[in-house]
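Residue numbers (the numbering used here): 57 to 185.
Structure, rendered in structure tokens:
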């Protein structure tokens, strides 16, 4: 497979802060319907990788392609428009809404990486909760 066959292709991604390499030559590929998890201790660079993918932090070098669109050259809002989103650890839910309604608010219909998948499975997930 070439890197154009993946939903997300990260190649040789590096970011340095004052000489400290927070992410050093990271390469990873995520295919359609695939789930990946970043695991590591505090300070390992997990959040920084997400910051790089979302455009909050600019890379020192390397490539990030989402659906074959190079993200490293885009602004944060252009990256969001391309369908990349992020959910932070601190939950923000509306207690007066159902699980389904909370998920519906957080994912604009028909947009984003998991938008359509979420709405197909939300009822199933809601029933489990």
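Glycine included, every Cβ here is placed at the ideal spot set by N, Cα and C. Computed from a prediction, not measured in an experiment: that's the story for all the values here.
In this structure, the beta-carbon distance from residue 122 to residue 139 falls below 8 Å. Here DSSP, grouped into helix, strand and coil, assigns residue 132 to helix. Partner residues in the beta bridge of residue 85, as assigned by DSSP, are 65. For residue 104, the number of other beta carbons within 10 angstroms of its own is at least 16, and it is reported as buried. Beta bridge pairing from DSSP links residue 120 with 66. DSSP lists no bridge partner for residue 90. In the same chain as residue 113, and ignoring 5 residues on each side of it, the C-beta atoms closer than 7 Å to its own belong to 71, 104 and 107, in chain order.
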